[in-house]
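Protein chains in written order, with our numbering: chain W, 923 to 1319; chain H, 923 to 1319.
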């Protein structure tokens, strides 16, 4: 069992703040400043160029990749860290299309994060091979899988509603139709147990700055199933994915397995902060995490629904269909969220009317839920959000 | 005038080390640890998600991009930071091919860094549009530019020899033939004054962890000429390059100008360290830097040649053709470099026989050159490299 009171003590949480936005950016692990300071002073400062070997920088993308891999059920040696999630989406998509040359459809759904769709658009436009991005409603994905689909690209948990897809079922359906499956785990990794191996995902990608708490702009990850990783063609064929990067060969030869999905120089400082976050994750039981997450979201839903009849639940009640966030529709959700933030309840707003709250057992407990519910009840019940200063929109929400 | 004794005092240089490998990884600016610690504690820790606005993280890729832009002669507002250099090469190449639909040749030279060639190979293989990577000898580039060339992709300074191309002349030749020019400034930015605007480069890319001293894995940069930046098509069309990233539109619309070359979430910790490095650069006079660089490399060449007749200069004597490094051919260069490193002179080795030394006026002075020459003279003159322990090759050199 994981002791969540103990994990909570490992994070810096500002005084008086109930942080329900860990699904956007996780908080600072208390050990991260020392860990990063060590990388700066003892590694970069003292080892300089030799840090690539001596400090192990060069091996971190795969070594730390395995630690992220455990959280998503990946076979060891099949996850690598680097780049941003959008780049990893592109990499997976390009590889998948190459594996299904006769098929022209990338299937996704309107619950996908826009950047995933944008990357598909950009790839299709560049390829000029007659591919098509077919975007259907989340509930229509299964029936939209047909023999034209090269790859189904789905984000498991909808960033707005927290609705969770059935990875295993959709992937099975895709495979039956001869298509490949790419799963974006941005709102899954660290949110609940994921099993990409059991779910038969062909590719999975995700970020480490949300539930994993790796820090702003922490590196992304990519998983390639063992049945593909030795043969997949990396369109983004950078030198660190080469079989022998330091041979400086004039021609590219893909490295063994997942190594070929590396591209350029690893972001060492970002990896150092992530390392501190993973130290916490290494001892977390994912089933216990899921049980606590459901306890938190159930309690939050019940509390808010009882106190605020004007808020309409956007998140599925069915546990099997729920990620680790709770969203409500509220016409004045933007202003209401500003009013909550002003009172220390940090969630966020997603157009047109979604108030979004992330639940992260590592540092959010039942008491936080109760206090958040009380503040929400007051803000909504008394209409405290109805003030001009809460209605001005900032650039980043 | 820049006071280089003063800039030297701004870096951490390990006791007893003469660091001539700043062309691979620059040293730690003394202000970087505090700067990064502030980002961790005061920004990530206290501001959490609001740091994207409050701490200015979201704007840093373009704001800091302009500070890098000054070093390479870019017009303000036309450089953005992010990703790795390999990704930026891909982005520039994909955009350039799109702009020259009737032409099928990417022209490069054998002095280019392998990753640039690999990225071109990967792009060509993915596109399947009959493109060809034509790699010629460095001295044959000009005459190889013909009407089939869509884009000439050249690294200005050869990473092995330090030989520098004439950006303006080659670009003019490319433009006369109707081709575009991409310049990789990995060994130029921060090494000497570059003028991408005057040189008429269509695209330029580079990294910030070599001469700029941004730290291991610091973000790369891309420049797009003003005449293209508003119309160029970003194949890597990520959400932060969207006209309105936080509108979460289902379809991509490129952002204004250089903003469209952004892809995913900025690497905030890497940017923080780079910010400290750029504080130093902001006051550096690039002409003074060049004058000092040539003084250092001239003195090093003269000293080594006088003391070590068995070392053959690989770097051009002509100042106009020289970057800010000096390389020598030596059959036992690998072992010799290990022997030098053991004695505190840090350079590196590049196959098959190149001993490479970078000269970086911000923290290397004439006294360092003289001391390095004396140690090289001893190691080579007395054959001190000829020991088994210097001949075992590490993975990363």
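Cβ coordinates follow ideal geometry from the N, Cα and C atoms, glycine included.
- Query: Would you say the stretch 1282-1293 of chain H touches the stretch 923-937 of chain H, given that touching needs at least three Cβ pairs under 8 Å?
  - Reply: The way I'd put it, the stretch 1282-1293 of chain H does touch the stretch 923-937 of chain H; three or more beta-carbon pairs between them come closer than 8 Å.
- Message: Ignoring anything shorter than 3 residues, give me the beta strand (DSSP E) runs that lie fully in the stretch 1087-1151 of chain H, in order along the chain.
- Response: With a minimum length of 3 residues, the continuous beta strand (DSSP E) runs that stay inside the stretch 1087-1151 of chain H are 1102-1106, 1125-1128 and 1143-1146.
- Task: For residue 1241 (chain W), count neighbouring C-beta atoms within 10 Å of its own C-beta (all shown protein chains included) and say buried if the count is 16 or more, exposed if not.
- Result: Taking the first chain and counting its residues from 1, one reaches residue 1241 (chain W) at position 319. Residue 1241 (chain W) comes out exposed.
- Task: Using three-state DSSP, classify residue 1067 (chain H) as helix, strand or coil.
- Result: As a position in the second chain, residue 1067 (chain H) is number 145, starting the count at 1. Note: residue 1067 (chain H) maps to coil in three-state DSSP.
- Using only alpha-carbon positions, find the residue among H:1049, H:1066, H:1107 and H:1050 that is nearest to residue 1057 (chain H). By one-based count along the second chain, residue 1057 (chain H) stands at place 135. Sorting H:1049, H:1066, H:1107 and H:1050 by C-alpha distance to the C-alpha of residue 1057 (chain H) places H:1066 at the top.
- Message: Just verifying my parser: in three-state terms, what is the DSSP assignment at residue 1051 (chain H)?
- Response: Position 129 of the second chain, counting from 1, holds the residue named residue 1051 (chain H). Residue 1051 (chain H) falls in the coil class under three-state DSSP.
- Hey, could you find the ends of the beta strand (DSSP E) residue 1276 (chain W) is sitting in? Numbered from its first residue, the first chain carries residue 1276 (chain W) at position 354. Counting along the chain, the unbroken beta strand (DSSP E) around residue 1276 (chain W) starts and ends at 1276-1280.
- Message: Is there a C-beta anywhere in chain W that falls below 8 Å from the one on residue 1098 (chain H)?
- Response: In the second chain, counting from the first residue as 1, residue 1098 (chain H) sits at position 176. It does not: the Cβ of residue 1098 (chain H) has no partner Cβ on chain W nearer than 8 Å.
- chain H residues whose Cβ lies nearer than 7 Å to that of residue 1164 (chain W): For the purposes of this step, residue 1164 (chain W) is taken as the residue at position 242 of the first chain. Under a criterion of Cβ atoms nearer than 7 Å, the residues of chain H adjacent to residue 1164 (chain W) are, in order, 1040.
- Which class does residue 1318 (chain W) belong to by DSSP, given the choice of helix, strand or coil? Working through the first chain from its first residue, we reach residue 1318 (chain W) at position 396. With a pLDDT of only 47 at residue 1318 (chain W), under the threshold of 50, the placement of this residue in the model should not be trusted; the figure read from the coordinates follows. Correct three-state label for residue 1318 (chain W): coil.
- Query: Nearest-angstrom Cα distance between residue 1307 (chain W) and residue 1062 (chain W)?
  - Reply: As a first step, residue 1307 (chain W) is located in the first chain; it is residue number 385 there, counting from the start. As a first step, residue 1062 (chain W) is located in the first chain; it is residue number 140 there, counting from the start. Computed Cα separation, rounded: 36 Å.
- Query: What did DSSP end up calling residue 1170 (chain W) once you bin it into helix, strand or coil?
  - Reply: Against the first chain, residue 1170 (chain W) aligns to sequence position 248. Looking at residue 1170 (chain W) - three-state DSSP - the assignment turns out to be coil, as it is neither helix nor strand.
- Query: Should residue 1173 (chain W) be labelled buried (16 or more other beta-carbon atoms within 10 Å of its own) or exposed?
  - Reply: Mapped onto the first chain, residue 1173 (chain W) falls at position 251. That one is exposed.
- Query: According to the Cβ coordinates, are residue 988 (chain H) and residue 1004 (chain H) closer than 8 Å?
  - Reply: Counting from one through the second chain, the residue named residue 988 (chain H) turns up at place 66. Counting from one through the second chain, the residue named residue 1004 (chain H) turns up at place 82. Taking 8 Å as the Cβ cut-off, residue 988 (chain H) and residue 1004 (chain H) do not qualify as a contacting pair.
- By Cβ distance below 8 Å, which residues in the same chain neighbour residue 1022 (chain W) in space, the five residues on each side in sequence not counted? Position 100 of the first chain, counting from 1, holds the residue named residue 1022 (chain W). Within the same chain, residue 1022 (chain W) has close Cβ partners 1072, 1073, 1100, 1101 and 1102.
- Is it a yes or a no for the stretch 1185-1195 of chain H touching the stretch 1135-1143 of chain H, going by three-plus beta-carbon pairs under 8 Å? In short, these stretches touch, since the Cβ pair count reaches three.
- For the stretch 1044-1072 of chain W, which residues have a CB atom closer than 8 Å to at least one CB atom of chain H, in sequence order? Among the residues of the stretch 1044-1072 of chain W, those with a Cβ less than 8 Å away from any Cβ of chain H are 1044, 1045, 1047, 1048, 1049, 1050, 1051 and 1057, in the order of the chain.
- Determine which residues of the stretch 1023-1039 of chain H have a Cβ less than 7 Å from any Cβ of chain W, and write them out in chain order. Answer set for the stretch 1023-1039 of chain H: 1032, 1036, 1037 and 1039.
- Euclidean distance between Cα positions of residue 1275 (chain W) and residue 1216 (chain W): Your numbering for residue 1275 (chain W) matches position 353 in the first chain. Your numbering for residue 1216 (chain W) matches position 294 in the first chain. Between residue 1275 (chain W) and residue 1216 (chain W), the C-alpha separation is close to 24 Å.
- Query: Got a sec: which bits of the stretch 955-967 of chain W sit with their beta carbon under 9 Å from any beta carbon on chain H, in order along the chain?
  - Reply: For the stretch 955-967 of chain W, the residues whose beta carbon sits under 9 Å from a beta carbon of chain H are, in order, 955, 958, 959, 961, 962, 963, 965, 966 and 967.
- Query: Who are the Cβ neighbours of residue 923 (chain W) in its own chain at under 6 Å, not counting the five residues just before and after it?
  - Reply: Within the first chain, the letter at position 1 stands for residue 923 (chain W). Scanning its chain for C-beta atoms nearer than 6 Å, with the 5 sequence neighbours on each side dropped, one finds around residue 923 (chain W) the residues 1210, in chain order.
- Assuming residue 1125 (chain H) contacts residue 990 (chain H) (C-beta within less than 8 Å), just tell me the rounded distance between them. Your numbering for residue 1125 (chain H) matches position 203 in the second chain. Your numbering for residue 990 (chain H) matches position 68 in the second chain. Not quite, the Cβ-Cβ distance comes to about 15 Å (not below 8 Å), so this is no contact.
- Message: Using only CA atoms, which one of W:1181, W:1304, W:1156 and W:1045 lies nearest to residue 1229 (chain W)?
- Response: For the purposes of this step, residue 1229 (chain W) is identified with residue 307 of the first chain, where counting begins at 1. Measuring from the Cα of residue 1229 (chain W), the nearest candidate turns out to be W:1304.
- Determine the extent of the alpha helix (DSSP H) in which residue 1215 (chain W) is found, giving its start and end residues. In the first chain, residue 1215 (chain W) corresponds to position 293, counting from 1. First-last of the alpha helix (DSSP H) with residue 1215 (chain W): 1208-1229.
- Query: How big is the Cα-Cα spacing for residue 1040 (chain W) and residue 1139 (chain W)?
  - Reply: Taking the first chain and counting its residues from 1, one reaches residue 1040 (chain W) at position 118. Taking the first chain and counting its residues from 1, one reaches residue 1139 (chain W) at position 217. Note on geometry: alpha-carbon atoms of residue 1040 (chain W) and residue 1139 (chain W) lie some 19 Å from one another.
- Rounded Cβ spacing between residue 1120 (chain H) and residue 1245 (chain H) (contact assumed at less than 8 Å): The count along the second chain starts at 1 and reaches residue 1120 (chain H) at position 198. The count along the second chain starts at 1 and reaches residue 1245 (chain H) at position 323. The pair is not a contact, with the Cβ atoms about 18 Å apart (cut-off 8 Å).
- Look up residue 1251 (chain H) in the DSSP assignment and give the residues it is bridged to. By one-based count along the second chain, residue 1251 (chain H) stands at place 329. Beta-bridge annotation (DSSP): residue 1251 (chain H) is paired with H:1234 and H:1276.
- Between W:1096, W:1287, W:1017 and W:1191, which lies nearest to residue 1176 (chain W) when the distance is taken from Cα to Cα? As a first step, residue 1176 (chain W) must be located in the first chain, where it is residue number 254. The shortest C-alpha to C-alpha distance from residue 1176 (chain W) to any of W:1096, W:1287, W:1017 and W:1191 is the one to W:1017.
- Query: Closer than 8 Å, CB to CB, is residue 1170 (chain H) near chain W or not?
  - Reply: Within the second chain, residue 1170 (chain H) is the residue found at index 248, counting from 1. So, interface residue.
- Message: Rounded to whole angstroms, what is the Cα-Cα separation between residue 1026 (chain H) and residue 1032 (chain W)?
- Response: By 1-based counting over the second chain, the position of residue 1026 (chain H) is 104. By 1-based counting over the first chain, the position of residue 1032 (chain W) is 110. Residue 1026 (chain H) and residue 1032 (chain W) have their C-alpha atoms roughly 37 Å apart.
- Please state whether DSSP places residue 932 (chain W) in a helix, a strand or coil. Here the question's residue 932 (chain W) lines up with position 10 in the first chain. Of the three classes helix, strand and coil, the one that applies to residue 932 (chain W) here is coil, per DSSP.
- Message: My output table needs one value for residue 927 (chain H): the three-state DSSP class, helix, strand or coil.
- Response: Walking along the second chain from the start, residue 927 (chain H) turns up at place 5. In the structure shown, residue 927 (chain H) falls within a helical segment according to DSSP collapsed to helix, strand and coil.
- Query: residue 1317 (chain H): buried (16+ other C-beta within 10 angstroms of its C-beta) or exposed?
  - Reply: Within the second chain, numbered from 1, the residue matching residue 1317 (chain H) stands at position 395. For residue 1317 (chain H), the predicted structure reports a pLDDT of 47, less than 50, and the residue's modelled location is therefore unreliable. The matter cannot be settled from this model.
- Item | In chain order, each alpha helix (DSSP H) run of at least 4 residues that lies wholly inside the stretch 1159-1204 of chain H | Listed in chain order, the complete alpha helix (DSSP H) runs (minimum 4 residues) inside the stretch 1159-1204 of chain H are 1190-1203.
- Tell me which same chain residues have a C-beta within less than 6 Å of the C-beta of residue 944 (chain H), skipping the five on either side of it? In the second chain, residue 944 (chain H) corresponds to position 22, counting from 1. Beyond the five residues adjoining it in sequence on each side, residue 944 (chain H) comes within less than 6 Å, by CB distance, of 1280 and 1282 in the same chain, given in chain order.
- Item | Cutoff 8 Å: residue 1285 (chain H) Cβ touching any chain W Cβ | The residue you call residue 1285 (chain H) lines up with position 363 of the second chain. Chain W, which has no Cβ nearer than 8 Å to the Cβ of residue 1285 (chain H), makes this no.
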